[in-house]
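Since the structure comes first, as structure tokens, the remarks are kept for the end.
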Amino acid sequence: MFQIVTDACCDLPADLLDKYKVAYIPMFVELDGEEYTDDLGKTFDNSWFLEQLKENKQPTTSQINVGRYMSFLRSYAKKNIPVLYIAFSSGLSGSYESSLTAIEQLKEEYPDFTVTSFDTKTASLGQGMLVMEAVRLQKAGKTLEETVQWLTKYKMCLHSWFTVDDLKHLVHGGRITKTQAAIGGLLNIKPILNVDEKGRLQNVDKVHGRKKALQRLVNETSTRADLSIVDHFYIAYSGDEEALNKVVQQLNQRHPKTPITYFPLGPTIASHTGYGCIAVFSMGENRL
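In full-length UniProt numbering, the protein residues as written are 1 to 288.
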């Protein structure tokens, strides 16, 4: 048996991970000079945080450093428990690279320690979907190596389509300029974004109005979906439950037999998307 480990960017709730005995490494969010622990809702007050985002507060986040990885993984190394770490995209954070450095250093102390750091090239419930598939494979008796083989084969089939309601956080993250945000706000333009093959955010298109943006997410997901890989949709949202319900309803109309799981965006990801983000994740054709 091996231990599945992930980090707080997976946006799966702590109680779900606890249920399936998946360990996770928290992230940290700083707001107004105070540091808060993103522990997937175990202690973090997400409702309070959403109110801060609605007030246009600009939180900052930090990657997991080498020392934190070494401290977290050492307990498994001491007991010689094999570990599969399912990591936040290397295209969005330096955490994955830090995990490789930590593993290299731990191997000097524990040369027999079996540990794999897997770069998902995705984030939020896209990462969460891969975690849940790893759980499924482990329960089916697959080895660590077999699980990694499946994840490697299909991670480029994982699609992430999302839109944001407030462009200010994209400015803060360097995705668009202040001028673009100002014009977009005046014209009610909503961006359509996804995650490319390198695990980076990319602006795909822009549409007029929230309604069209939500419809576009559904259209892209439905058109590209290959439910023979994973017959499941995941949706992450930050506060706008009305928009969430619209997307769920539209997906249900097109795929009435396919389960839909939705959870709030955690504070680490929401710090970069702002209030009102909606993201839809599914398996489909190879992403571009």
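We put the beta carbon where it would ideally sit given N, CA and C, even for glycine.
Suppose the cutoff is 8 Å on Cβ atoms and the five residues either side in sequence are ignored; what does the same chain contact list for residue i look like?
i: Arg254; result: Val218, Ser222
i: Cys157; result: Asp226, Ile229, Met283, Gly284, Glu285, Asn286, Arg287
i: Leu244; result: Ile235, Tyr237, Tyr262, Ile278
Taking the alpha-carbon of residue i as reference, which of the options has the nearest alpha-carbon?
i: Asp18; options: Gln3, Val29, Glu30, Leu31; result: Gln3
i: Leu40; options: His272, Gly266, Val280, Glu285; result: Gly266
i: Glu242; options: Thr261, Lys78, Gly276, Thr268; result: Gly276
i: Glu34; options: Ala23, Asp7, Phe49, Asn245; result: Phe49
i: His272; options: Glu145, Thr147, Asp166, Lys155; result: Asp166
i: Leu73; options: Ala102, Asn46, Gln52; result: Ala102
i: Leu251; options: Glu30, Arg216, Gly274, Gly239; result: Arg216
i: Ser99; options: Leu16, Val148, Met70; result: Met70
i: Lys190; options: Lys78, Leu201, Gly209, Glu197; result: Gly209
Under the rule that 16 or more other beta-carbon atoms within 10 Å means buried, what is residue i, buried or exposed?
i: Pro26; result: buried
i: Gln127; result: buried
i: Ile176; result: Interpretation of Ile176 is limited by its pLDDT of 46, a score under 50 that renders its predicted location unreliable; the figure taken from the coordinates is listed afterwards. Result: buried.
i: Glu146; result: exposed
If we ignore side chains and look at the alpha-carbon of each, how far apart do residue i and residue j end up?
i: Gly199; j: Asp112; result: 31 Å
i: Ala14; j: Phe263; result: 11 Å
i: Leu186; j: Pro59; result: In this prediction, Leu186 has a pLDDT of 37, which is less than 50 and means its spatial position is unreliable; what the coordinates show is noted afterwards. Looking at the two C-alpha atoms, the distance is approximately 25 Å.
i: Phe162; j: Glu109; result: 43 Å
i: Arg68; j: Tyr237; result: 28 Å
i: Tyr36; j: Thr152; result: 33 Å
i: Leu125; j: Cys10; result: 6 Å
i: Ala181; j: Ile192; result: Its pLDDT being 42, under 50, Ala181 is placed unreliably by the model, and the measurement read from it follows with that caveat. Whole-angstrom Cα-Cα distance: 14 Å.
i: Ser90; j: Thr61; result: 15 Å
i: Phe28; j: Gln63; result: 8 Å
i: Leu53; j: His232; result: 30 Å
i: Gln249; j: Lys211; result: 13 Å
i: Gly174; j: Asn65; result: Any reading at Gly174 must be qualified, since the residue scores a pLDDT of 49, below 50, and its modelled position is unreliable; the value itself is stated next. When rounded, the distance between both Cα atoms is 22 Å.
i: Asp38; j: Asp32; result: 16 Å
Would you please state the rounded distance, in angstroms, between the beta carbons of residue i and residue j? I believe it to be under 8 Å.
i: Ala123; j: Ile235; result: Their Cβ separation, rounded to whole angstroms, is 14 Å, which puts Ala123 and Ile235 out of contact at 8 Å.
i: Phe118; j: Ala87; result: 6 Å
i: Val247; j: Val280; result: 6 Å
i: Ser75; j: Asp7; result: 16 Å between Cβ atoms; not a contact.
i: Thr120; j: Leu106; result: With a Cβ gap of about 21 Å, Thr120 and Leu106 do not count as contacting.
Near residue i, which residues of its chain fall below 6 Å by C-beta distance, leaving aside the five closest residues on each side in sequence?
i: Ala213; result: Thr163, Lys190, Val207
i: residue 302; result: Here the chain covers residues 1 to 288 and nothing more, so residue 302 does not appear.
i: Leu144; result: Phe2, Pro82, Leu84
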